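Heads up: take any position in the sequence shown, counting from 1, add 2, and you land on our numbering.
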Amino acid sequence: MSDELIVLFTGNVTHKLDPKSRVAIPANWKAAQREGLVLIEASSENYRILKCYTRQSFADMIKNVRTRAEADGIAPGVVDQYVGRITGCCFEAEVSSQGKLLIPKPQRERLKLIDTATIVGRGSYFEIWAPADFEALHTADALSKLSLDQIFHILS
């Protein structure tokens with residue numbers, strides 16, 4: 003058995019941004035705060051989001067990209083370029099001793115975070131969304147259109 007702590011990010015919560023543009027991380031995710039976070043701006047269904055990885059889960063994700071690309075026969079130079087684009091647009095962030103994560107102004111503006119943020123667990127990482135965008139993507143109608151859920155029926 004490994005001594006390595008495995009953090010599983012589950013659930014979602016909407017929190018107010020404090021006056022310093024920080025958002026509280028759920029208390030049961032505090033274990034991830036010890037090693038800091040790697041944030042990358044991304045999109046989901048045309049909505050801007052921040053993906054937040056622990057340093058270990060980020061390294062695991064990069065390793066997985068390389069392994070899958072190699073298995074698919076993608077040239078190493080192409081993989082290096084892709085990984086370079088990922089690592090080139092991410093940034094490291096620390097969670098304060100009060101359990102708050104600072105969201106930098108450029109990301110706050112692009113995500114349209116005004117006074118609240120929705121934090122969504124995705125297993126090995128979590129996402130930060132504008133609450134209205136998250137709600138729009140998670141209506142009953144939007145969920146019914148997920149092709150995998152039409153097979154597994156977990157969400158509907």
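Using N, Cα and C, we set each Cβ at its ideal position, and we do this for glycine too.
Note that the structure is a prediction, hence the values are computed from the model and not measured.
Query: Residue interval of the beta strand (DSSP E) (run including N14); Result: N14 to K18
Query: Where K102 sits in the DSSP three-state scheme; Result: strand
Query: Nearest-angstrom Cα separation, counted from E72 out to L115; Result: 38 angstroms
Query: Spatial distance of K22 from L104 (CA atoms); Result: 7 angstroms
Query: is_contact[D82, chain B] using C-beta, thresh 7 angstroms; Result: Going by chain labels, chain B is absent from the structure shown, which holds only one protein chain.
Query: Of the listed residues G123, D143 and P133, nearest to D117 (C-alpha basis); Result: P133
Query: Host alpha helix (DSSP H) of Y47 (start-end); Result: The identity of residue 47 in the sequence shown is Glu, whereas the question assumes Tyr. Element bounds for E47: n/a, residue is neither H nor E.
Query: I42 vs E129 beta-carbon contact at 7 angstroms; Result: no
Query: Buried/exposed call for R36, threshold 16 Cβ in 10 Å; Result: exposed
Query: Supposed close pair A44, K32 - CB separation, criterion 8 angstroms; Result: Their Cβ separation, rounded to whole angstroms, is 24 angstroms, which puts A44 and K32 out of contact at 8 angstroms.
Query: Given R68 as reference, the closest of A61, V81 and S59 once Cα atoms are compared; Result: V81
Query: For A95, the three-state DSSP class (helix, strand or coil); Result: strand
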